[in-house]
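Chain order of the listed sequences is A and B. Taking my numbering, the leading residue of the first sequence gets 1, the next gets one more, and so forth. Taking my numbering, the leading residue of the second sequence gets 1001, the next gets one more, and so forth. We put the beta carbon where it would ideally sit given N, CA and C, even for glycine. Computed from a predicted structure; not experimentally measured.
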Amino acid sequence: MFEARLVQGALLKKVMEAIKELLNEASFDCAHSGILLQAMDNSHVSLVSLNLRREGFDKYRCDRNLVMGMNLSSMSKILKCASNDDIITMKAQDNADTVTFVFESPKQEKISDYEMKLTNLDQDHLGIPETEYSCVIKLPSAEFARICRDLSQFGESIVISCTKEGVKFSAAGDIGTANIKLAQTATVDKEEDAVMVDMQEPVTLTFACKYLNMFTKATPLSPQVCLSMSPDVPLVVEYKIEDIGHIRYYLAPRIGD
Amino acid sequence: MAGQSKISSFFSSK
């Protein structure tokens, strides 16, 4: 028996918004410690890794490890039926071929349940090594979304260049060039407004706008985003999900541009 | 997309 009840059901709706453009389907690996999802996009350029810890749920029970292959378009349709203040429970029997979503309104006057068929997915899981990154940049997530959106007008790629002075985002194309420099903030009233750069060595890498823009669909999950870069390895774009977990996107760099 | 590397070339399959 698997059952996970999330009082802040809106978080699950936001998680869905954050992955559904990138992935058509994904396996939710449910275990005693929580729910994990790892999947590559169709082009195998990026990878999504979602971690929801059991402690973040109001009620969590997972008697046996369970892999639930879900069509994300179907799951998204179902989650759209939940109100933002609904409590959401996911449940499934052991070896079941369906999952049930139960939505409870805060005062319990409306309870809906939706059963969805599971699909067998044969997805490769990749081992992601623990890495010390040369540059770790924290910035407001809305600022990052704005930068990606603005620079996408100029070309297909964004160059991210991190030095001890700060971080520079650049794009170039037919209409011209664009550069956005962010300096590390000295003092801020709110920590979520800060730009912080932790640099061991300068790094410059080029990434496809298309994917960065899809990652920014996670912006409503967290006021801050963390970018981790090292030479010639994938970028990590991480959004914390309150005290329940995180969503990380890994993006392979463009080379020879 | 020209010059785009694949994520699977950086991480090994489990």
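- A direct Cα-to-Cα measurement between residue 140(A) and residue 161(A) gives close to 17 Å.
- For residue 239(A), no CB of chain B lies under 8 Å from its own CB, so it is not counted at the interface with that chain.
- Leaving aside the five residues that flank residue 125(A) on each side, the residues in its chain whose CB is nearer than 7 Å to its CB run, in chain order, 38.
- Per DSSP, the beta-bridge partners of residue 254(A) are 206(A), 1004(B).
- The Cβ of residue 173(A) sits no closer than 8 Å to any Cβ of chain B.
- Annotated as proximal: residue 237(A) and residue 251(A), with beta-carbon spacing under 8 Å.
- In the structure shown, residue 216(A) falls within a helical segment according to DSSP collapsed to helix, strand and coil.
- Boundaries of the beta strand (DSSP E) around residue 67(A): 66 to 71.
- In the DSSP assignment, residue 37(A) falls within the beta strand (DSSP E) that extends over 34 to 40.
- Listed by position along chain B, the residues whose Cβ is nearer than 8 Å to that of residue 44(A) are 1006, 1007, 1008.
- According to the DSSP assignment, residue 19(A) belongs to the alpha helix (DSSP H) that extends over 9 to 19.
- DSSP, read as helix, strand or coil, puts residue 162(A) in strand.
- Of all alpha-carbon atoms in 13(A), 57(A), 248(A), 223(A), the one lying nearest the alpha-carbon of residue 50(A) is that of 248(A).
- According to DSSP, residue 53(A) shares a beta bridge with 34(A).
- Neighbourhood of residue 124(A) in chain B, by CB distance below 7 Å: 1013, in chain order.
- Beta-bridge partners assigned by DSSP to residue 4(A): 60(A), 90(A).
- Residues of the stretch 207 to 241 of chain A with a C-beta atom less than 7 Å from some C-beta of chain B are 208, 233, 234, listed in chain order.
- Interface criterion met: the Cβ of residue 253(A) is under 8 Å from a Cβ in chain B.
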